[in-house]
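Novice: To start, I am sharing the structure in question, which I have written as structure tokens.
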Amino acid sequence: MTVEEQTNHSHHSNLGSEYARRARQRLTIPDRKVTKLGCWLYLYGSPTGDITFTIRKVSDDNIISSKVWG
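Numbering-wise, our numbering puts 358 at position 58 of the sequence shown, and it's gapless, one number per residue.
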């Protein structure tokens with residue numbers, strides 16, 4: 301199975317304020333099925349609530365998959 305790995309990232313995001321509800325990263329994976337996805341999370345401050353991981357289509361922002369963690 302071919303593995304697509306993204307070793308660089310474009311930015312860090314501090315989430316939780318009313319202005320920072322989403323962080324994003326773009327990775328184009330043409331003509332393949334995504335079976336595993338990972339990311340690094342760092343604790344900043346005293347966050348509360350759940351984290352929702354959502355994969356969206358770049359073309360129209362429609363949700364492909366979503367998972368609540370918390």
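Don't be surprised by glycine CBs; every beta carbon is placed ideally from N, CA and C.
Could you work out which residue in 342, 305, 341, 340 is closest to residue 327 when comparing CA atoms only?
Specialist: Comparing Cα positions, the closest option is 305.
Novice: List the residues that DSSP assigns as beta-bridge partners of residue 365.
Specialist: Residue 365 pairs with 355.
Novice: Are the CB atoms of residue 352 and residue 366 within a distance shorter than 8 angstroms?
Specialist: Their beta carbons are under 8 angstroms apart, which means residue 366 touches residue 352 by this criterion.
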